[in-house]
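Before any comments, here is the structure.
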Amino acid sequence: MNASVKSADPVSVGQAKTTLSKLIAAAEAGEEVVISRGKVPVVKLVPVAPVAKPKRVPGSMKGLIALDDSFFDPLPDDELAMWGTGDAAEADVPA
Numbered sequence: 002m003n004a005s006v007k008s009a010d011p012v013s014v015g016q017a018k019t020t021l022s023k024l025i026a027a028a029e030a031g032e033e034v035v036i037s038r039g040k041v042p043v044v045k046l047v048p049v050a051p052v053a054k055p056k057r058v059p060g061s062m063k064g065l066i067a068l069d070d071s072f073f074d075p076l077p078d079d080e081l082a083m084w085g086t087g088d089a090a091e092a093d094v095p096a
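Quick note, our numbering runs 1 ahead of the 1-based positions in the sequence shown.
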């Protein structure tokens, strides 16, 4: 925080509005930031605890998705042409 704001001193709402970025940085650095309305402290600015990401486990979704065997059949030439691949790629395909 800047020299005019000590970590133990409450910060007015008006001052908090103009220095919010600095106050957030101070709270993230572990300083206690208290915002007051008049001379009454009303809010303490504290950092949010980091959210733990769930551990990814390979194969954890095995068996949850079923594909019909026809999914792996080769695509017909007209559909391959639409994708721009295969022997039919040079064929005239309607737009």
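By construction, the Cβ of each residue, glycine as well, lies at the ideal position given by its N, Cα and C atoms. Just so you know, these numbers come straight off a predicted model, no measurement behind them.
Cβ-based neighbour list, residue i, same chain, cut-off 6 Å, excluding 5 preceding and 5 following
i   : result
L76 : none
Closest residue to residue i among the options (Cα-Cα distance)
i   : options               : result
S13 : K40, M62 and A27      : K40
K18 : V52, R38 and A53      : R38
K45 : S71, R57, G31 and P51 : G31
Proximity test, Cβ basis, 9 Å: residue i and chain E
i   : result
V34 : The structure shown contains no chain E; it holds only a single protein chain.
Residue i classed as buried or exposed, judged by whether at least 16 other C-beta atoms fall within 10 angstroms
i   : result
P11 : buried
V34 : buried
N3  : Any reading at N3 must be qualified, since the residue scores a pLDDT of 47, below 50, and its modelled position is unreliable; no value is offered.
L65 : exposed
L24 : buried
Cβ shell of residue i (< 7 Å), same chain only, five flanking positions each side left out
i   : result
V47 : A28
C-alpha distance - residue i paired with residue j, whole-angstrom precision
i   : j   : result
Q16 : S22 : 11 Å
D79 : G85 : 10 Å
P51 : A82 : 49 Å
Which residues DSSP lists as bridging residue i, in chain order
i   : result
K45 : V35
S13 : S37
Close beta carbons around residue i, own chain, < 8 Å, minus the five adjacent residues each side
i   : result
F73 : none
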